[in-house]
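Numbering (full-length UniProt numbering), first residue to last: 1 to 152.
Just so it is clear, CB atoms sit at the ideal spot from N, CA and C, and this is done for glycine as well.
Take a look at the structure below.
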């Protein structure tokens, strides 16, 4: 029972950090809180709630996190916690989702953008950049350009 409480607290802390401190306007306390969450590790339960927002397969998620599909399945089966680097990537993708939903005014429109070839990104599908922190940063920058009407 304690594990469920801890997981709920972890999810609430993450969501509070992202909501209160934003995803593009952090103060030091917000950044340290998110770093702390990543260092403690993201639970599979939180990850599973994120996975449901995206149309990606388990295998695609394994690729984004640079682990095998078998390892990801084991994490699910054993309700494991992700390590710091994987947790950071999960948080970055969650922040990208939140930002994309805001810029496109809906999750559906953001998903269409994420899965379509993008001329501004060299005819790359934005989702193909989710495996790299640099790629996620590039997508965040692209969302800012779209928000401000700078499309090229």
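Bounding residues of the alpha helix (DSSP H) (the contiguous stretch that carries residue i)
| i | result |
| --- | --- |
| residue 103 | 84-104 |
| residue 117 | From DSSP, residue 117 is part of no alpha helix (DSSP H); its letter is neither H nor E. |
| residue 130 | Per DSSP, residue 130 belongs to no alpha helix (DSSP H) and is neither H nor E. |
| residue 63 | 58-64 |
Paired residues, beta bridge with residue i - DSSP
| i | result |
| --- | --- |
| residue 124 | 118 |
| residue 43 | 81 |
For residue j and residue i, believed in contact at Cβ under 8 angstroms, the rounded distance
| i | j | result |
| --- | --- | --- |
| residue 116 | residue 142 | At roughly 12 angstroms, the Cβ-Cβ gap does not stay under 8 angstroms, so residue 116 and residue 142 are not in contact. |
| residue 84 | residue 38 | 6 angstroms |
Pair within 8 angstroms by beta-carbon distance, residue i and residue j
| i | j | result |
| --- | --- | --- |
| residue 90 | residue 82 | yes |
| residue 76 | residue 44 | yes |
| residue 87 | residue 41 | yes |
| residue 130 | residue 47 | no |
| residue 127 | residue 138 | no |
| residue 110 | residue 100 | yes |
| residue 136 | residue 103 | no |
Is there contact between the stretch 48-55 and the stretch 93-103, where contact requires at least three CB pairs shorter than 8 angstroms? Output reads yes: the stretch 93-103 touches the stretch 48-55.
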